[in-house]
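J.: In our numbering, the protein residues as written are 26 to 121.
Built from N, CA and C at the ideal position, the CB exists for glycine as well.
Submitted below is the structure of interest, expressed as structure tokens.
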Amino acid sequence: MSNKRFEDLALMINDLEENFIEKCAELSETLILGDIAKFAKELKNISQKYDCENLSSYADNMLEKLKMMDIVQLNNYLDYFPILVNDIKNIISEEE
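If you want it as structure tokens, here you go:
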């Protein structure tokens, strides 16, 4: 992995941890669909900015569950978000 790629992914992880983990926990409590849609779209934008396929797939799946109004699966996806961030961190660490 190039230094630039590593730095970009480290910035993405920092952004996710600082701005999205807490927001995700709040969404898991409230389950307001409009807010979840905004969250998923923001994640999609970040995934494109940093070219992160794992995050992109996660955001796409959330948006699909929103269209289907599948509250149970949306809640599962919200609960999984901190694990996803940790998994991405581990992948980055392994490729250092």
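Is the closest heavy atom of the ligand ATP to the C-beta of Asn100 under 7 Å?
T.: Among the components of this structure there are no ligands whatsoever, and the ligand ATP is therefore not found.
J.: Among Met37, Ile117, Pro107, whose alpha-carbon lies nearest the alpha-carbon of Asn70?
T.: On the sequence shown, position 45 is the one that residue 70 refers to. The residue with the shortest Cα to Cα distance from Asn70 is Met37.
J.: Contact check, Ile113 vs Ala35 under 8 Å by CB: the rounded distance?
T.: Position 88 of the sequence shown holds residue 113. Position 10 of the sequence shown holds residue 35. The pair is not a contact, with the Cβ atoms about 10 Å apart (cut-off 8 Å).
J.: Beta carbon of Leu109, beta carbon of Asn79: below 8 Å?
T.: What you label residue 109 is simply residue 84 of the sequence shown in a count that begins at 1. What you label residue 79 is simply residue 54 of the sequence shown in a count that begins at 1. A contact, by the Cβ cut-off of 8 Å.
J.: Going by beta carbon distance, what residues of the same chain come within less than 8 Å of Ile61, once the five residues before and after it are set aside?
T.: Along the sequence shown, one-based indexing puts residue 61 at 36. Within the same chain, Ile61 has close Cβ partners Leu52, Met87, Leu91, Leu99, Leu103.
J.: Taking only runs of the alpha helix (DSSP H) that begin and end inside the stretch 73-108, which ones reach a length of at least 4 residues, in chain order?
T.: Within the stretch 73-108, the complete alpha helix (DSSP H) runs of at least 4 residues are 78-92.
J.: Once DSSP output is grouped into helix, strand and coil, what is the label at Phe45?
T.: The residue given as residue 45 occupies position 20 in the sequence shown. Reduced to three states, the DSSP call for Phe45 is coil.
J.: So what's Leu56 in DSSP terms, helix, strand or just coil?
T.: Locating residue 56 in the sequence shown gives position 31, counting from the first residue. Looking at Leu56 - three-state DSSP - the assignment turns out to be coil, as it is neither helix nor strand.
J.: Classify Ser118 as helix, strand or coil using the three-state DSSP reduction.
T.: By 1-based counting over the sequence shown, the position of residue 118 is 93. The answer is helix: DSSP assigns Ser118 an H, G or I state.
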